[in-house]
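> Residue numbering for the first sequence is 0 to 658, as defined by numbering that gives the first Met the number 0.
Heads up, the beta-carbon is just placed ideally off N, CA and C, and yes, glycines get one too.
Quick one: this structure, given as structure tokens, is what I'll be asking you about.
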Amino acid sequence: MSDIEDLLPDGSARSVPEGATGLDLAGAIGKRLAKDALAAQINGDLKDLSVALRAGDHVAIVTPSSELGREIIRHSTSHVLAQAVTRLWPGAHYAIGPSITDGFYYDFELPGDAHFSDGDLERIDAEMRSIIREDQPFTRAEFSWADGLALFADQPFKLEIINAVASGGSAEDLDEVDASVVSTYANSPTFRDLCRGPHVPTTSRLGHFKLTRVAGAYWRGDEKRPQLQRIYGTAWESEAALEAHLEFLVQAELRDHRRLGQELDLFSFPSEIGPGLAVFHPKGGTMRRIMEDYSRNRHVQGGYEFVNTPHISKEDLFLTSGHLQWFADGMYPPMELDDGQKYYLKPMNCPFHVLIFKSRQRSYRELPLRFFEFGAVYRYEKSGVVHGLTRVRGMTQDDAHIFCTREQMAGELASLLTFVLDLLRDFGLADFYLELSTRPEGKAVGTDAEWHEAEATLADVANAAGLELVMDPGGGAFYGPKISVQARDAIGRTHQMSTIQLDFQTPQRFDATYISADNARTQPIMIHRALFGSVERFMAVLLEHYAGNMPTWLSPEQVRVLGVRNDHDAYATSVAEALRRDGVRVTVEEASEPLGARIRKAKLEKVPYILVVGDDDVAKGTLGVNQRGSNDPERGVALAEFRQRLNLEIAEHGSPEVT
RNA sequence: GCCUGGGUAGCUCAGUCGGUAGAGCAACGCAUUCGUAAUGCGUAGGUCAGGAGUUCGAAUCUCCUCCCAGGCUCCA
Numbered sequence: 000m001s002d003i004e005d006l007l008p009d010g011s012a013r014s015v016p017e018g019a020t021g022l023d024l025a026g027a028i029g030k031r032l033a034k035d036a037l038a039a040q041i042n043g044d045l046k047d048l049s050v051a052l053r054a055g056d057h058v059a060i061v062t063p064s065s066e067l068g069r070e071i072i073r074h075s076t077s078h079v080l081a082q083a084v085t086r087l088w089p090g091a092h093y094a095i096g097p098s099i100t101d102g103f104y105y106d107f108e109l110p111g112d113a114h115f116s117d118g119d120l121e122r123i124d125a126e127m128r129s130i131i132r133e134d135q136p137f138t139r140a141e142f143s144w145a146d147g148l149a150l151f152a153d154q155p156f157k158l159e160i161i162n163a164v165a166s167g168g169s170a171e172d173l174d175e176v177d178a179s180v181v182s183t184y185a186n187s188p189t190f191r192d193l194c195r196g197p198h199v200p201t202t203s204r205l206g207h208f209k210l211t212r213v214a215g216a217y218w219r220g221d222e223k224r225p226q227l228q229r230i231y232g233t234a235w236e237s238e239a240a241l242e243a244h245l246e247f248l249v250q251a252e253l254r255d256h257r258r259l260g261q262e263l264d265l266f267s268f269p270s271e272i273g274p275g276l277a278v279f280h281p282k283g284g285t286m287r288r289i290m291e292d293y294s295r296n297r298h299v300q301g302g303y304e305f306v307n308t309p310h311i312s313k314e315d316l317f318l319t320s321g322h323l324q325w326f327a328d329g330m331y332p333p334m335e336l337d338d339g340q341k342y343y344l345k346p347m348n349c350p351f352h353v354l355i356f357k358s359r360q361r362s363y364r365e366l367p368l369r370f371f372e373f374g375a376v377y378r379y380e381k382s383g384v385v386h387g388l389t390r391v392r393g394m395t396q397d398d399a400h401i402f403c404t405r406e407q408m409a410g411e412l413a414s415l416l417t418f419v420l421d422l423l424r425d426f427g428l429a430d431f432y433l434e435l436s437t438r439p440e441g442k443a444v445g446t447d448a449e450w451h452e453a454e455a456t457l458a459d460v461a462n463a464a465g466l467e468l469v470m471d472p473g474g475g476a477f478y479g480p481k482i483s484v485q486a487r488d489a490i491g492r493t494h495q496m497s498t499i500q501l502d503f504q505t506p507q508r509f510d511a512t513y514i515s516a517d518n519a520r521t522q523p524i525m526i527h528r529a530l531f532g533s534v535e536r537f538m539a540v541l542l543e544h545y546a547g548n549m550p551t552w553l554s555p556e557q558v559r560v561l562g563v564r565n566d567h568d569a570y571a572t573s574v575a576e577a578l579r580r581d582g583v584r585v586t587v588e589e590a591s592e593p594l595g596a597r598i599r600k601a602k603l604e605k606v607p608y609i610l611v612v613g614d615d616d617v618a619k620g621t622l623g624v625n626q627r628g629s630n631d632p633e634r635g636v637a638l639a640e641f642r643q644r645l646n647l648e649i650a651e652h653g654s655p656e657v658t
């Protein structure tokens, strides 16, 4: 038997005996690596460790603490989950079980009309751990189509996947299985799954997992097909990594905007009003006002003109716009008047702005026209999707429509994108990428040429912005493609923020025209854009980004002044008055409770500055400054100095924690 | 809309076998006057989401409706 040479990721060559496997190679490199190895990446393809190497292969050994390693662990854990379920519920059908971000899931259909309930997770977990203790190998075997069909004769979902792949297959199916043969992994004589692999060598390599929830999921993601039950879990390479992830989930929950909304007394959703319909309390109302005022000022500077439109309209308007044809299900049902006329709550502001454009004859000299409105819109979201302030049934869009010529379009889009990013940065979001959503198949109006031009224009502008660009094929609106700005928040989650949509259709549908330089009636290009998206959603994102510790300029209460004793209250009040004259939102809490208790309350309310004033301060005209996020109060700060610092911080949109 | 859970005081939650409800915090009152994350004592607070049913008796069991959560589908 002769040796062969293979290449390692660092470019070096390593010789191993002919017929050696990935595991042998790992062993040749080091004992520790052989112990850790999960799989091998051979010439770019992920393979089981047991696969034999050929001369000249480029081989990388996949270890647990890499992204690929975690993916394999998660995928293998999902197989263990499926086996556990089939042991506990003989006759259960298992559908698909991929790895996902941070974990895995598997979809099941239980025999009879059985369903998982939350309590079953514990039993399944115990069964999974016993499978892991059994140290079962993941054994790959390949079969012909016919043998594959026979093998999974009692697994209808597997049969459907095999048949789909045999007859061409979709990308989704090919992800699950290989195109050429039916490949399977068997863990034991009683459990075999259809899978392309690779997997960890044996189940004992797994175990740092937690089943998190049971959910419903449609087979093949199709609402009209049977609903299966999905079990989600998270899995990691070590107990420490698992613990760290669970802690991350706890931290994420602490900054949930719905929780903060209640704790900070910002808003609520009274059930008397209805799902997805928020009321803003005084503090939330203040925060909104500051956000809106700031946005208004920026729009004035940006050359926008302010318009106002009603909340309801006759049905014809939405027939002309096309919204009723496409989105009737998503609109509140009509109010029908005595004469049979139907009125709808508006789900969008655009048709109204088009009518303002059309209210008189327009000249090319007026363009671009930029109409801005904080427009309240109502959408009848399905009951299961309503979520806090991020998915509501009534919201306020910072909506504008720009009417311009074809020639102006590219420049207008480019300056708009700058305007958007500047505004988002002013609110403290800094980490962005762009997403380009293109024509939705079977749900679009307009010609191929128009779509092509619109998509190409947006792509150019997006590329010119120098940000990462992600494609979202088919994600556009029915009337045109869009760019959306995605922002990463303080703990790395992404949120869709602003959208910019290009629209050649609406002006056509409404027959909106201007008189061009050559005296011809010409259709303008319409750009839809919302920077906050909705004021409600934007507030939610900011709350989660800052974990409720809003920068001082956005804090509903910026300063609270506390006298040490009752006889300091008068001085505290005079300090507050001085700050209030600067426009600062400040309150005084009288000394009817111990100082420590009042400080605690103010800290829990996340007030950026707590000023404590006592004998020394009354005598010298100073303050004790307790800054949010600091455990080290500053004593004897002159009032004038504090005012200067605070006013500067507010003007610069700063936050006390940022030093 | 669908699947699985849930709804008890303002908030967070306990409530055993079906025997008419409890804590902590908050609120209110009185006392306390205090230098950086909880002063003490007392008081009040409930249509156990709503409705119907089973039962001598329902927060507890059954059904319906509303609302909430986690997912799926959807998102102009």
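Please state the DSSP three-state secondary structure of Y478.
For the purposes of this step, residue 478 is identified with residue 479 of the first sequence, where counting begins at 1. It is coil, neither helix nor strand.
> Which runs of the beta strand (DSSP E) spanning at least 3 residues fall entirely within the region 288–332, listed in chain order?
311–313
> If you check the beta carbons only, do A234 and G102 fall under 8 Å apart?
Walking along the first sequence from the start, residue 234 turns up at place 235. Walking along the first sequence from the start, residue 102 turns up at place 103. Yes.
> Rounded C-beta distance between L388 and E535? I'm assuming under 8 Å.
The count along the first sequence starts at 1 and reaches residue 388 at position 389. The count along the first sequence starts at 1 and reaches residue 535 at position 536. The pair is a contact, with the Cβ atoms about 4 Å apart (cut-off 8 Å).
> Throw me the rounded Cβ distance for the I482 and L433 pair, which I believe falls under 8 Å.
Locating residue 482 in the first sequence gives position 483, counting from the first residue. Locating residue 433 in the first sequence gives position 434, counting from the first residue. So it is a contact: roughly 6 Å between Cβ atoms.
> Let me know if T76 comes out buried or exposed under the rule of 16 or more other beta-carbons within 10 Å of its beta-carbon.
Working through the first sequence from its first residue, we reach residue 76 at position 77. T76 should be labelled buried.
> Could you please give me the residues that DSSP links to T202 through a beta bridge?
The sequence position of residue 202 within the first sequence is 203, counting from 1. Per DSSP, none; premise fails for T202.
> Look at L193 and K157 and say whether their C-beta atoms are less than 8 Å apart.
For the purposes of this step, residue 193 is taken as residue 194 along the first sequence, with counting starting at 1. For the purposes of this step, residue 157 is taken as residue 158 along the first sequence, with counting starting at 1. It is a contact, given that the beta carbons lie within the stated cut-off.
> Measuring only the C-alpha atoms, how far is R191 from S11?
Along the first sequence, one-based indexing puts residue 191 at 192. Along the first sequence, one-based indexing puts residue 11 at 12. Taking the straight line from one Cα to the other gives about 38 Å.
> Tell me, which residues are paired with Q495 by DSSP?
Locating residue 495 in the first sequence gives position 496, counting from the first residue. According to DSSP, which records beta bridges pairwise, Q495 is partnered with Q485.
> So is H78 buried or exposed if we call it buried at 16+ other beta carbons inside 10 Å?
Reading the first sequence from its first residue, position 79 is the one you call residue 78. That one is buried.
> Please classify T658 as buried or exposed, where buried requires at least 16 neighbouring CB atoms within 10 angstroms.
Working through the first sequence from its first residue, we reach residue 658 at position 659. Confidence is the limiting factor: at T658 the pLDDT is only 43, short of 50, which leaves the residue's position unreliable, though a coordinate-based value still follows. Exposed, because fewer than 16 other Cβ atoms sit within 10 Å of the Cβ of T658.
> Ignoring anything shorter than 3 residues, give me the beta strand (DSSP E) runs that lie fully in the region 376–458, in order along the chain.
393–403 and 430–436
> Note down, in chain order, each residue of its chain lying with its Cβ closer than 8 Å to the Cβ of D616, except the 5 sequence neighbours on either side.
For the purposes of this step, residue 616 is taken as the residue at position 617 of the first sequence. Excluding residues within five positions, the ones whose Cβ falls inside 8 Å are H567, Y570, L622, G623 and G635.
> Would you identify the three-state DSSP class for A170, choosing helix, strand or coil?
Sequence index remark: in the first sequence, residue 170 carries index 171 (1-based). Residue placement at A170 is flagged as unreliable, the pLDDT there being 49, under the threshold of 50; the coordinate-derived value follows with that caveat. Helix at A170.
> Roughly how many angstroms lie between the CA atoms of S533 and S591, to the nearest whole one?
Taking the first sequence and counting its residues from 1, one reaches residue 533 at position 534. Taking the first sequence and counting its residues from 1, one reaches residue 591 at position 592. Distance between the alpha carbons of S533 and S591 is about 41 Å.
> Could you check what DSSP says for I272 in three-state terms: helix, strand or coil?
Counting from 1 along the first sequence, the entry for residue 272 is found at position 273. In the structure shown, I272 sits in coil (DSSP, three-state: anything other than H, G, I, E or B).
> DSSP state of G29, grouped into three classes?
Taking the first residue of the first sequence as position 1, residue 29 is located at position 30. The answer is coil: DSSP assigns G29 none of H, G, I, E or B.
> Can you tell me which residues form a DSSP beta bridge with T138?
Within the first sequence, numbered from 1, the residue matching residue 138 stands at position 139. BP columns for T138 point to A185.
> If you check the beta carbons only, do R584 and E556 fall under 8 Å apart?
The sequence position of residue 584 within the first sequence is 585, counting from 1. The sequence position of residue 556 within the first sequence is 557, counting from 1. It is a contact, given that the beta carbons lie within the stated cut-off.
> Between which two residues does the alpha helix (DSSP H) harbouring F537 extend?
The residue you call residue 537 lines up with position 538 of the first sequence. Where F537 is concerned, the enclosing alpha helix (DSSP H) stretches over V534 to Y545.
> Under the three-state reduction of DSSP, which class applies to H652: helix, strand or coil?
Your numbering for residue 652 matches position 653 in the first sequence. Here H652 sits in coil by DSSP.
> Identify every run of the alpha helix (DSSP H) within the region 201–262, keeping only runs that are complete inside it and at least 4 residues long; order them along the chain.
Listed in chain order, the complete alpha helix (DSSP H) runs (minimum 4 residues) inside the region 201–262 are 238–253 and 256–262.
> Compute the Euclidean distance between the alpha carbons of A170 and G220, then round it to the nearest angstrom.
As a first step, residue 170 is located in the first sequence; it is residue number 171 there, counting from the start. As a first step, residue 220 is located in the first sequence; it is residue number 221 there, counting from the start. Any answer about A170 is weak, because its pLDDT of 49 lies below 50 and its placement is not dependable; what the coordinates show is given next. So the two alpha carbons sit approximately 14 Å from each other.
> In three-state DSSP terms, what is E4?
Translated into positions along the first sequence, residue 4 becomes position 5. Note: E4 maps to strand in three-state DSSP.
> Could you pull the DSSP bridge partners for T521 from this structure?
Taking the first sequence and counting its residues from 1, one reaches residue 521 at position 522. Answer is Y513, bridged to T521.
> Using three-state DSSP, classify N42 as helix, strand or coil.
For the purposes of this step, residue 42 is taken as the residue at position 43 of the first sequence. Residue state, collapsed to three classes: coil.
> Could you check which residue in L48, D44, D471 and F247 has the C-alpha nearest to that of R492?
On the first sequence, residue 492 is found 493 positions in, with the first residue counted as 1. When only C-alpha atoms are compared, the closest one is F247.
> Can you find the residues in the same chain that come closer than 8 Å, C-beta to C-beta, to L638, ignoring five residues on each side of it along the sequence?
Taking the first residue of the first sequence as position 1, residue 638 is located at position 639. Correct list, in chain order: V574, A577, G620, T621 and L622.
> Quick check on DSSP: helix, strand or coil for Q500?
Locating residue 500 in the first sequence gives position 501, counting from the first residue. The answer is strand: DSSP assigns Q500 an E or B state.
> Just the Cα atoms here: how many angstroms apart are I649 and D581?
As a working note, residue 649 is residue 650 in the first sequence. As a working note, residue 581 is residue 582 in the first sequence. Going by the C-alpha atoms only, they are around 11 Å apart.
> State buried or exposed for E406, treating a residue as buried only when at least 16 other CB atoms are found within 10 Å of its CB.
Reading the first sequence from its first residue, position 407 is the one you call residue 406. With fewer than 16 Cβ atoms within 10 Å of its Cβ, E406 is classed as exposed.
> Between E588 and F503, which are expected to be in contact by the criterion C-beta below 8 Å, what is the C-beta distance as a whole number of angstroms?
Taking the first sequence and counting its residues from 1, the one referred to as residue 588 is at position 589. Taking the first sequence and counting its residues from 1, the one referred to as residue 503 is at position 504. The pair is not a contact, with the Cβ atoms about 58 Å apart (cut-off 8 Å).
> If we count the other Cβ atoms within 10 Å of its Cβ and call it buried at 16 or more, is M334 buried or exposed?
Sequence index remark: in the first sequence, residue 334 carries index 335 (1-based). By the beta-carbon neighbour count (other beta carbons within 10 angstroms, threshold 16), M334 is exposed.
> Going by Cα to Cα distance, which pick from Y231, G206, G215 and K223 is closest to A240?
The residue labelled residue 240 in the question sits at position 241 within the first sequence. Closest option to A240, Cα to Cα, is G206.
> Return the residue from the list L366, P309 and Q360 that minimises the CA-CA distance to Y342.
Here residue 342 is taken as the residue at index 343 of the first sequence, counted from 1. The residue from L366, P309 and Q360 with its alpha-carbon nearest to that of Y342 is P309.
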